[in-house]
Amino acid sequence: MKSRFDVFNANEIEALQQAMYLFLKDADSRESLGVAGTLHAELFVARAESITKKESC
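So this is what it looks like as structure tokens:
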């Protein structure tokens, strides 16, 4: 499955993930938490996939 984050390299994905973590810490509405949680999970998967791709090369 192709991720919407395929255009980012591993360092960029890690930076996005850290920013999302900071957002999650300060989010106060359920809707914000739901959106941020989904994006955080997608970033985690994208980061894992990019690391796997790097190791297989």
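In terms of this note's numbering, the sequence shown opens at residue 1 and continues consecutively. Idealized CB from N, CA, C, for every residue including glycine.
Grouping DSSP H, G and I as helix and E and B as strand, with all else coil, what is residue i?
i: N11; result: helix
i: D28; result: coil
Just to confirm before moving on: does the CB-CB distance between residue i and residue j stay below 8 Å?
i: A36; j: F44; result: no
i: L33; j: M20; result: no
i: I58; j: S50; result: Nothing about residue 58 can be reported from this structure: the residues present for the chain run from 1 to 57 only.
i: R47; j: Q17; result: yes
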